[in-house]
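Q: Take a look at this one; I'll ask things after.
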Amino acid sequence: MSVMQRSHPRAPAESADVEAGARARALRVPATAWILSGRLLIVVVLIAAWQLFSGRVVPAYLISSPTAVAHRLVDLFTSGDVWSDLGITTEELIIGYVIGVAGGVIVGVALGTSRIAAALIEPLLAALNSIPKIALAPLFLLWFGIGLGSKIAIAAMTVFFVMFYNVYMGMGTIPNGLVNTLQIMGASRQTMVRQLVLPQLTVPILAGLKAGVSFAMIGVVVGEFVAADSGLGYYVRNSTDLFDSPGVYAGIILLMLLVLVGIGLVTLLERRLLRWRR
Amino acid sequence: MSVTEPTHTIDIASGRHGGAEQQASIRIIDIEQRFAPPNQPAFNALEAVSFDIGPTEFCSIVGPSGCGKSTVLNMVAGLLRPTSGRIQALGKPVTKVNTEVGYVTQDSNLLPWLTTAKNIELPLKIRGFAKSERERLVAEWIGLVGLEGFESSYPHQLSGGMQKRCAIARTLVYDPEVLLLDEPFGALDAITKTVLQGVLLDLWSAKPRSVLFVTHDLNEAITLSDKVVVMTKRPGTVKAIVDIDLPRPRNVYEIGSDPRFGELHHELWSLFKSEI
Chain A
814 MSVMQRSHPR APAESADVEA GARARALRVP ATAWILSGRL LIVVVLIAAW QLFSGRVVPA
874 YLISSPTAVA HRLVDLFTSG DVWSDLGITT EELIIGYVIG VAGGVIVGVA LGTSRIAAAL
934 IEPLLAALNS IPKIALAPLF LLWFGIGLGS KIAIAAMTVF FVMFYNVYMG MGTIPNGLVN
994 TLQIMGASRQ TMVRQLVLPQ LTVPILAGLK AGVSFAMIGV VVGEFVAADS GLGYYVRNST
1054 DLFDSPGVYA GIILLMLLVL VGIGLVTLLE RRLLRWRR
Chain B
55 MSVTEPTHTI DIASGRHGGA EQQASIRIID IEQRFAPPNQ PAFNALEAVS FDIGPTEFCS
115 IVGPSGCGKS TVLNMVAGLL RPTSGRIQAL GKPVTKVNTE VGYVTQDSNL LPWLTTAKNI
175 ELPLKIRGFA KSERERLVAE WIGLVGLEGF ESSYPHQLSG GMQKRCAIAR TLVYDPEVLL
235 LDEPFGALDA ITKTVLQGVL LDLWSAKPRS VLFVTHDLNE AITLSDKVVV MTKRPGTVKA
295 IVDIDLPRPR NVYEIGSDPR FGELHHELWS LFKSEI
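Residue numbers (the numbering used here), protein chains in the order written: chain A, 814 to 1091; chain B, 55 to 330.
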């Protein structure tokens, strides 16, 4: 219904289009009350099963339990111990993400517009990308130290490749006709990027932004696992070493929430940027 | 004499055609285009193509598909360099993208993320027009092409005909001295096509300029043009240039019943049919 309210009918043909579009979307994502309550039910059942199995079927030190994890989360926030770890991981995530995204977009557009640069550099990037990033983590710790720098570097590199390939492949989808049209209008290179390339790449860039959030988090957590003295990844790792399973699960849940917040922000951006498609 | 013999050596300076008597605004001089697609034998798309277009002349190119009509247009627009031969536009050789032309293509090539008004405004923005001037021109051209009420619609919300109106407005809004149109109405239904031919003729009559119009529709070529260049099948060359001596202003809805229209159609068709 909300889709219908947003559109204001202009021509009959157009509102028919909008209705058809709304129907198509409704078929794709049936977000009715029924579905929502069904989803909630599944989650409740899973959590209940977790609570039930914990200590009875599976030892509690392996899977903890929902109540223990909830207690730990409350403790972490009431004592305030969590804030520094949460802050550090968030900082690493954001800085690494931004660097990776910017680098991926810039290099992707550059290689997408220059055939020579692409021929020279793309195979090298492909070779670099074939290295499992996790294997580089110890090296990055040597280079950038045990602090934030190494985690930011790992996250940035991971996000860079996701973004680069999305943008680079997306460059191939720019219609020649539009390029020619803008050239004849007199568009400079910068105008071409601003008016044509970036809008045309909105979808692959948004896809990269979304996937990038979880990739950045993988980079950060790997860095924190390998060597760190703070951060949520460090907290999870440390809790594991201490057989403190509520801590492990509480840390994982916080990491998950952090990623969900990031993806939520990208989704807001997506709604704004893709308004013209509705 | 309205038909010139097929020739590979048209004498540009002889001024046989109306437009060439004045200083021509586009001169296409003996161009050849050779294409060498990968894994395929090279072929000549165009050979020894020469003709002129006068400063206010409406010239159509007709020819079978694949004869290189669009290639000629792309060359005048500077998007493609001929393998040999020269192209002059407004007295200067075309050696790079020609921003003094306006180009309307078969696909409207509107930017899908811009509204009608923003699409029409884009070339003005690129060309550095002041904001107030841009607003005035956009409003004026939305009126001229009859898109009032659709200023804030996106291209996908417009019909094919309305997209075409928008593309024409976007091209003429910056007042190019030369207008290139590549089968602009090819994908439209017959009625919309006729209506838009009328719109185009009105706009051209209000401010005549050089027009190079590619089509494979002989009726359309006769209705609109001062002269029609008939091309041969590949390798495309100029088979004949037919002057269209129908009086102006023309009524696109009634011109077909003019007896002279029938004669011209017959003449063009007899040239055209051996090339199919």
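Every residue gets a Cβ at the ideal spot worked out from N, C-alpha and C, and that includes glycine.
1) In three-state terms, what does DSSP make of serine 124 of chain B?
2) Is the shortest distance between the beta-carbon of isoleucine 133 of chain B and the beta-carbons of chain A less than 7 Å?
3) Measuring only between beta-carbons, confirm whether tryptophan 167 of chain B sits less than 7 Å from chain A.
4) With a threshold of 7 Å between beta carbons, is proline 147 of chain B in contact with chain A?
5) Quick check on glycine 999 of chain A - is its C-beta less than 7 Å from some C-beta in chain B?
6) If we define contact as Cβ-Cβ less than 7 Å, is glycine 990 of chain A a contact residue for chain B?
7) Cβ atoms of valine 155 of chain B and leucine 234 of chain B: under 7 Å apart, would you say?
8) Where do the N-terminal and C-terminal ends of the alpha helix (DSSP H) with asparagine 273 of chain B fall, by residue?
9) Residue range of the beta strand (DSSP E) that asparagine 305 of chain B falls in?
10) Using DSSP with H/G/I as helix, E/B as strand and the rest coil, what is arginine 88 of chain B?
11) Just to confirm my understanding: we take asparagine 1050 of chain A, look at its own chain, exclude 5 residues before and 5 after, and list those with CB closer than 6 Å. What are they?
12) Please tell me whether proline 177 of chain B has its Cβ less than 7 Å away from any Cβ of chain A.
13) Could you tell me the boundaries of the alpha helix (DSSP H) in which asparagine 989 of chain A lies?
14) CA-CA distance, tryptophan 1089 of chain A and glutamine 217 of chain B?
15) Using the beta-carbon count (16 or more within 10 Å), is aspartate 229 of chain B buried or exposed?
16) Measuring CA to CA, which of B:Pro92, B:Ser79, B:Gln87 is closest to phenylalanine 105 of chain B?
17) For the candidate residues A:Ser943, A:Thr880, A:Gly916, A:Gly962, whose alpha-carbon lies nearest to that of tyrosine 981 of chain A?
18) Residues of chain A with a CB under 9 Å from the CB of valine 151 of chain B: which are they?
19) Please give me, in chain order, every unbroken run of the alpha helix (DSSP H) with length at least 4 that falls completely inside the stretch 942 to 988 of chain A.
20) Take every Cβ of the stretch 963 to 982 of chain A, pair it with every Cβ of the stretch 901 to 917 of chain A, and state whether three or more of those distances are shorter than 8 Å.
21) Output the distance between the C-alpha atoms of alanine 294 of chain B and tryptophan 323 of chain B, rounded to the nearest integer angstrom.
22) On the DSSP bridge list, what partners appear for methionine 285 of chain B?
23) Strictly under 7 Å for the Cβ-Cβ distance: is aspartate 161 of chain B near chain A by that measure?
24) Can you tell me whether DSSP reads alanine 99 of chain B as helix, strand or coil?
25) Please decide whether proline 945 of chain A counts as near chain B, where near means a Cβ-Cβ distance under 7 Å.
A: The short version:
1) helix
2) The amino acid occupying residue 133 of chain B in the given sequence is leucine; isoleucine does not appear at that position. With 7 Å as the cut-off, leucine 133 of chain B counts as an interface residue toward chain A.
3) yes
4) no
5) yes
6) yes
7) yes
8) 272 to 278
9) Run containing asparagine 305 of chain B: none; DSSP gives neither H nor E here.
10) strand
11) Before going further, note that residue 1050 of chain A is arginine rather than asparagine in the sequence given. Once the five neighbours on either side are set aside, the close Cβ partners of arginine 1050 of chain A are Phe1038.
12) yes
13) 989 to 998
14) 16 Å
15) exposed
16) B:Ser79
17) A:Gly916
18) Asn993, Gln996, Ile997, Gly999
19) 946 to 957, 961 to 984
20) yes
21) 12 Å
22) B:Val292
23) yes
24) strand
25) no
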